[in-house]
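For reference, the structure discussed in these notes is given below.
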Amino acid sequence: MQFKVPQFLEVEDKIFGPFTFKEFVYLAGGAGMCFVVYKLLGLIWGLIPILAIAGFAAMLTFYRPNSKPFINMLEAGFKYLLQSKLYIWKKRQNKINVRKIVVAAEKEKANIMSGYGVRLSGSKLRDLAWSLDVLDLSKHENTGS
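Shown next, in the form of structure tokens:
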């Protein structure tokens, strides 16, 4: 038994005259919105919004850039606007490193402002001695001694 395979899957069916269902919804929705604006604002005040809505509905229905529906172009534009962008050629700075630099600069400024002599407490002396020991050990490891 052989089955018939549809040949034109990509072509939408024309349901309402020369329009597909989507195109008919775009036109009917645009006409409905134009009518609502006309009733709310009148013809004089509502002329510009009515023209904008009618133009948008007409573009959704008839304008097909690169043989694709206009709604696909709108969707791609919104995705581009909302997604984060990665620029390979721009140098990125980590937020943590920037914060550390700012905190270190503030501490250094506070030390300069405190006076000529540097007063170290016991805990600061221990920290300084430990950091010097670590630095000394890393130098010995690098030289191979």
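Residues -19 to 125 in the working numbering are what the sequence shown lists, from first letter to last.
The beta-carbon is built from N, C-alpha and C at its ideal position, and this holds for glycine as well.
Quick caveat: nothing in here was measured; it's all calculated off a predicted structure.
Query: Cβ pair count under 8 angstroms reaching 3, the region -14 to 5 against the region 17 to 29; Result: no
Query: Per DSSP, the bridge partner or partners of F(-4); Result: F(-1)
Query: Close Cβ partners of F4 (< 6 angstroms) along its chain, the five nearest in sequence each way excluded; Result: F(-4)
Query: Cβ-based burial, L40 [other Cβ within 10 Å; buried from 16]; Result: buried
Query: Closest by C-alpha distance to I30, when choosing among G57, L112, V82, A11; Result: A11
Query: Where W25 falls: helix, strand or coil (DSSP); Result: helix
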